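Asks: Can you read through this structure? Questions will come right after.
What follows is the structure, given as structure tokens:
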């Protein structure tokens, strides 16, 4: 079984479609969306509609902090995040808002635990930026029966964490397109990157494919029409900053 | 672990006789059960020993070997076939490669003849270079892991301690500890650095030393203090044991064994190059020595070793690509000064950004140029003439500090000679003139540069003459394009 892991779509329809097409070509037979379907991008409505359709066909969908904010926008309207949360809220219809509000924080599927941020205290939306945070998340997940893999998003970067010979967690920078053997003998934690807003200096969209039969995880980078996605943001009257960063991958 | 019975079946493989009882694993011949077609080569199954008391490291290195073996390809590694589930029944099925390990040579009562050692060294270095090009560093090279095929090519075995830059290193630790076989382990491995291709160059040096002298340069230490000795120690020169050994060969072996990785050959291809061109090796005092070095020398090294910091290495493939052997094809006739000048400029440029690169200047002369009757045109004197011509051309480049060597090849097919030379010496870049080697017929047929560019095993840089000379001749002519512009 090949499970495509997509996270942090951020209302970027162009990137989503490119990743879905790529995953299909790679033989993905199941999809998982690890949260942050909306926020920043110009197409929250179409993206949520697309994901809802895929959920009807069996895709797993999780809630991210931006989905939470779009469903229940904060009372203030001062920060950039708050103002776009309101804009996003207004772009969505009631059914879509209810869909976002009702999403689960974590999902366990056999040996895999899916999260948006971390497995320990997911509501705190912690960022897995280093091995210490990853270790806490992995520890909490390992307490669950049979879990070997924790896959998350939220940090917009692709990393793989595993235990070295001395049992300490080590972070590994994957090479795009290379299938990494991840034996179920050990525990693994991966941050799979962001579909809709990559921030590592390359504008290419990120997602990952987990082959459960082969026990291999492949991190992918997918080129898409990021100029069109940036134009859509400018046309929608959202802050230029969100458009610029798509073109720079920052 | 209990031995598998001959004739028993395992995941679709029928077990035959046990070929090897190792301390880490047993190796059996196997074939497919139920008449499934062979993969086209004989197979063996490697089963790790996992009885009570066998270390956890055993199973980790098995995991590592599985990870890496399935990613490798080419004639220098056994082909991967299948692997058993580590939880249930760990095993690896791979190609059975007939041949003898280096141990066979070391078991002979007489020391190995120099020519044989050189041939083994070249084959071994080429195999290791091929591994490095695939982003893998072996890190446990020793005679038992070096298999020599009947055709002389080397196949490397046992990737249980290896490191592949694209995969997480399961043997990595926060508190770095030495992993490897003490006798062949490089100094940086002693302090826990994994992934430097030059660690493998060190191990090759130890094996060459063994073949030449039947001694281990640093012994087989069992304590960490004993292991650390190689961070500053200079082994006794091989010529102490065999005074008749050529100085150039001792120079090569001792360069492999330098404590600092940066002082060794930057890639295994460079090592093979020196082994194949003894006359081009610059022999220093190190090559000539017949007795150990003084205490003062060692003391200085010991002080330096105490403060030595090894840097984590970049991708092996990138590291060796940065120090290519650059071949520049220098025509010996039909060539203008301008072309020679441009070629030299291009050669200097392609070396310039790459410290550690080396330059091989090659001229191909036609077999008709030499004569067995005329003294003046005898092979040696003709070669010497062209070699001198080549050296003169290369002189300005030598001052840049890069290692430079000159070679005259004799062949009727210039392009093929260059391609063969590039392939045989693992050349990384070929620099040649775009309009040289057959200047006169250039306009009518696909000439030498085209053929080389199409068939070369590496990057080819075609140089056009960009010269100060021609411009000198056109002084006074307007540089502006005066053609009419139609719109």
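Residue numbers (the working numbering), protein chains in the order written: chain A, 1129 to 1378; chain B, 28 to 514. We put the CB at the ideal spot given by N, CA and C, even for glycine. This one's a predicted model, so the numbers in the text were calculated from it and none came from an experiment.
(1) In terms of alpha-carbon separation, which member of B/292, B/168 and B/311 lies closest to residue 346 of chain B?
(2) Curious, which full-length alpha helix (DSSP H) runs of at least 4 residues does the region 88 to 143 of chain B contain?
(3) Nearest chain B C-beta to residue 1267 of chain A closer than 8 Å, yes or no?
(4) My assumption, with CB atoms under 8 Å, is that residue 148 of chain B sits in contact with residue 243 of chain B. Please give the rounded CB distance.
(5) For a minimum of 3 consecutive residues, which ranges assigned as the beta strand (DSSP E) are wholly contained in the region 230 to 254 of chain B?
(6) Hey, is the region 1351 to 1361 of chain A in contact with the region 84 to 98 of chain B, meaning 3+ C-beta pairs nearer than 8 Å?
(7) Relative to the C-alpha of residue 484 of chain B, which candidate in B/447, B/112, B/405 and B/421 has its C-alpha closest?
(8) Is the Cβ of residue 394 of chain B closer than 8 Å to any Cβ of chain A?
(9) Counting only beta-carbon atoms, is residue 1298 of chain A nearer than 8 Å to chain B?
(10) Going by DSSP in three states, residue 1369 of chain A sits in which element: helix, strand or coil?
(11) Since residue 200 of chain B meets chain A, which of its residues come closer than 8 Å, beta carbon to beta carbon?
(12) Is it true that the CB of residue 1164 of chain A sits closer than 8 Å to the CB of residue 1292 of chain A?
(13) Whose CA, out of B/110, B/259 and B/237, lies closest to the CA of residue 323 of chain B?
(14) Hey, could you find the ends of the alpha helix (DSSP H) residue 310 of chain B is sitting in?
(15) State the start and end residues of the unbroken beta strand (DSSP E) segment that holds residue 460 of chain B.
(16) Which one of A/1319, A/1245 and A/1198 has the shortest CA to CA distance from residue 1234 of chain A?
(17) Can you confirm whether the region 309 to 321 of chain B touches the region 257 to 276 of chain B when touching is taken to mean that 3 or more C-beta pairs between the two stretches lie within less than 8 Å?
(18) So is the beta-carbon of residue 273 of chain B under 7 Å away from any non-hydrogen atom of the ligand HEM?
(19) Mind reading off the beta-carbon distance from residue 1166 of chain A to residue 1196 of chain A? Whole number of angstroms is fine, and I expect it under 8 Å.
(20) What residues match up with residue 40 of chain B in a beta bridge as DSSP calls it?
(21) Which one or two residues does DSSP pair with residue 1237 of chain A in a beta bridge?
(22) Looking at chain B, which residues of the region 1156 to 1178 of chain A have a Cβ within less than 8 Å of any of its Cβ atoms?
(23) Find the residues of chain B that neighbour residue 1306 of chain A, judging by a C-beta separation of less than 9 Å, and give them in chain order.
(24) Closer than 9 Å by beta-carbon distance: list the chain A residues that pair up with residue 94 of chain B, in chain order.
(25) With 8 Å as the threshold, decide whether the Cβ of residue 284 of chain B is near any Cβ in chain A.
(26) Only counting the same chain, and skipping five residues up and downstream in sequence, which positions put a Cβ closer than 6 Å to that of residue 1210 of chain A?
(27) Please go through the same chain and pick out, in chain order, the residues whose beta-carbon is closer than 7 Å to the beta-carbon of residue 413 of chain B, but skip the five residues on each side of it.
(28) Quick one: does residue 197 of chain B have its CB under 8 Å from some CB of chain A?
(29) Tell me whether residue 388 of chain B sits in a helix, a strand or coil according to DSSP, three-state version.
(30) Quick check: what's the CA-CA separation for residue 1305 of chain A versus residue 1350 of chain A?
(31) In angstroms, rounded to a whole number, what distance separates the CA positions of residue 429 of chain B and residue 386 of chain B?
(32) Taking only the alpha-carbon atoms, compute the straight-line gap between residue 101 of chain B and residue 121 of chain B and give it to the nearest angstrom.
(33) Just by C-beta distance, which residues in the region 103 to 137 of chain B are closer than 7 Å to chain A?
(34) So, with DSSP's three-state summary, where would you put residue 225 of chain B?
(35) With DSSP as the reference, label residue 1326 of chain A as helix, strand or coil.
(36) Which value, in whole angstroms, describes the spacing of the CA atoms of residue 1259 of chain A and residue 1287 of chain A?
Replies: Taking the definition as stated:
(1) B/292
(2) 130 to 134
(3) no
(4) 17 Å between Cβ atoms; not a contact.
(5) none
(6) no
(7) B/447
(8) no
(9) yes
(10) helix
(11) 1292, 1293, 1294 and 1296
(12) no
(13) B/259
(14) Unbroken run through residue 310 of chain B: none, as it is neither H nor E.
(15) 456 to 460
(16) A/1245
(17) yes
(18) As for the ligand HEM, it is missing from this structure, which has no ligand bound.
(19) In fact, because the Cβ distance is near 10 Å, the residues do not count as touching under 8 Å.
(20) B/37 and B/59
(21) A/1240
(22) none
(23) 98, 193 and 194
(24) 1308, 1309 and 1311
(25) no
(26) 1202 and 1204
(27) 359, 390, 392 and 435
(28) yes
(29) strand
(30) 10 Å
(31) 7 Å
(32) 14 Å
(33) 113 and 114
(34) helix
(35) coil
(36) 10 Å
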